Amino acid sequence: MKRFYFLVLLIGVIMASIFIRGFSKETNQVKLPPPKTESNFSLEKAIASRRSIRDFSSKPIKIEELSQILWAAYGKNKYGKITTPSAGALYPLKIYVICLNIEGLKKGLYLYQPLQHALIFISDFNLEKKLAKSCLGQKWVEEAAANIIICANYEITTSHYGERGKRYVQIEVGHAAQNIYLQVEALGLGTVAVGAFIDANVKNMLGLKEEPLYIMPIGKKNE
Ligand SMILES: Cc1cc2nc3c(=O)[nH]c(=O)nc-3n(C[C@H](O)[C@H](O)[C@H](O)COP(=O)(O)O)c2cc1C
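Numbering follows numbering that gives the first Met the number 0, with no gaps: position 107 of the sequence shown is 106.
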């Protein structure tokens, strides 16, 4: 019986240490803090006050804030589906994040895993200047605390809907981007949807298989 209790205690300690650190070396996975589904900031207020922000402070943002924004963009909702609608529920989007200045997260390129609400660390990233250059010199890309890159695998949707699938994928990117705008506003942070960039450069720099469609720098507003 003693052995059983010891085993339970040991498993508990291991689980707790994984949870506290949130990072597994084996899988390169960082578990994100659970998102909130309620706040005192109304949706109406977020819609009324949303605007594009291009002037970011050099202060970091919290991992909880990044977690909340990624969840809003493409996380799991209460039905076990995704927070944004998707033609045929095919979910062709992939959300990458370049973390530059996030408290508790090392700088690097990550992939968001919606169902696990986790990030997979892919590589170190020190190319923010080059990234901004690929965005035709938009300096807010390099000054942000993070850049969310909304990418798509067109094939997932076109294999089902043919040519029309391309339209559906691009519409879906807009859904995710608007959720980011509104969640960022509700958190008192700033973002801007960047569509002007050289596709091939961004794709090569990040080693992406998918097509990058939007880059959304996020950070604290410089006020
Ligand atoms: C498809 C699309 C592409 C955009 N690309 C850029 C961009 O590359 N750089 C930028 O600073 N803003 C970009 N914007 C943001 C617009 O400039 C911005 O939404 C517009 O000026 C209206 O301002 P508001 O968002 O503050 O209401 C883009 C917006 C959309 C919808």
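A virtual CB, placed ideally from N, CA and C, is assigned to each residue, including glycine. All figures in this text were calculated on a predicted structure; none of them were measured in a lab.
In this structure, what does DSSP give as the bridge partners for residue i?
i	result
Leu205	Answer by DSSP bridge pairing: none, since Leu205 is not bridged.
Phe22	Val29
Ile101	Ile60
Helix, strand or coil for residue i? Go by DSSP, reduced to three states.
i	result
Glu162	coil
Asn125	coil
Leu89	coil
Thr36	coil
Glu222	coil
Val191	coil
Ile147	strand
Ile94	strand
Could you give the residue range of the beta strand (DSSP E) that holds residue i?
i	result
Ser122	117–122
Tyr213	210–218
Tyr78	Where Tyr78 is concerned, there is no enclosing beta strand (DSSP E), given that its DSSP letter is neither H nor E.
Gln112	107–112
Ile197	First-last for Ile197: undefined, no H or E at that position.
Ligand 1 and residue i: does any heavy atom of the ligand fall closer than 7 Å to the residue's C-beta?
i	result
Gln137	yes
Ala151	no
Arg50	yes
Arg53	yes
Gly194	yes
Val168	no
Val191	yes
Identify which residue in the options has its Cα closest to the Cα of residue i.
i	options	result
Phe120	Cys150, Pro211, Leu126, Lys106	Lys106
Thr36	Ile60, Lys75, Tyr90	Lys75
Ile94	Glu102, Asn100, Leu65	Leu65
Asn221	Leu118, Ala144, Phe22, Glu43	Ala144
Tyr167	Ile179, Tyr153, Leu135, Val191	Tyr153
Ile149	Arg53, Gly103, Asn178	Asn178
Lys176	Asn39, Ser41, Trp70, Glu25	Reading off the sequence shown, one finds Ala at residue 176, where the question assumed Lys. Answer by Cα proximity: Trp70.
Leu89	Ser41, Glu171, Val96	Glu171
What are the boundary residues of the alpha helix (DSSP H) that residue i is part of?
i	result
Ile46	42–48
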